[in-house]
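What follows is a set of notes on a single structure, which appears directly below.
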Amino acid sequence: ESPVHLDAIELWYRWGANESTVDYTVAFNGQTIGNGTLQRGECDPYQQSWCLARAEPGADLVPGSYTIQTQQGQICQNAATGGQGMIRAFASKR
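Note that this note's numbering has the sequence shown beginning at 3, numbered continuously upward.
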């Protein structure tokens, strides 16, 4: 409902054995507005290929609908997300 500063994003990602980064794009209301690289983080202790993917874009965002898409479609998703994937955003109000 008001502008925010996006400090970080995190998502669960199924990493390949030798992967440590993955590129992503961000769209706002259907139009690509930026891109970046997610870094591999902590892994699930029981499923080592599922690890956090994190970036710190430091971007100012206005209210609206944003979509994050990775280079490869390996974002964790389930019925609770409607098949859209689990993404966490950390932001502060502007």
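Even glycine gets a Cβ: it sits at the ideal position worked out from N, Cα and C.
Owing to the predicted nature of the structure, the values given are computational and were not obtained by experimental measurement.
Please work out which residues of its chain come closer than 6 Å, Cβ to Cβ, to residue i, disregarding the five sequence neighbours upstream and downstream, and give them in chain order.
{"i": "Thr72", "result": "Val24, Tyr26"}
{"i": "Ser67", "result": "Asn31"}
Would you mind stating whether residue i and residue j have Cβ atoms separated by less than 8 Å?
{"i": "Ala57", "j": "Ile11", "result": "yes"}
{"i": "Tyr15", "j": "Cys45", "result": "no"}
{"i": "Ile77", "j": "Leu8", "result": "no"}
{"i": "Pro5", "j": "Gly38", "result": "no"}
Using the three-state DSSP reduction, which class does residue i fall into: helix, strand or coil?
{"i": "Ala19", "result": "coil"}
Between the options, which lies nearest to residue i when the distance is taken from Cα to Cα?
{"i": "Pro65", "options": "Ala29, Ser22, Gly38, Glu21", "result": "Ala29"}
{"i": "Leu63", "options": "Gln74, Ala93, Gly38, Gly75", "result": "Ala93"}
{"i": "Ala91", "options": "Thr83, Asn37, Ile70", "result": "Ile70"}
{"i": "Gln74", "options": "Trp17, Ser51, Gln33", "result": "Trp17"}
{"i": "Ala55", "options": "Ala61, Glu21, Gln86, Ala82", "result": "Glu21"}
{"i": "Ile35", "options": "Arg42, Arg96, Ala61", "result": "Ala61"}
Can you name the start and end residues of the beta strand (DSSP E) that residue i belongs to?
{"i": "Ile70", "result": "68-72"}
{"i": "Asp62", "result": "61-63"}
{"i": "Ala57", "result": "52-57"}
{"i": "Asn37", "result": "33-45"}
{"i": "Ala93", "result": "89-95"}
Can you list, in chain order, the residues of its chain with a C-beta nearer than 7 Å to that of residue i? Leave out the 5 residues immediately preceding and following it.
{"i": "Lys95", "result": "Ser4, Val6"}
{"i": "Gly87", "result": "Leu13, Ile77, Cys78, Gln79"}
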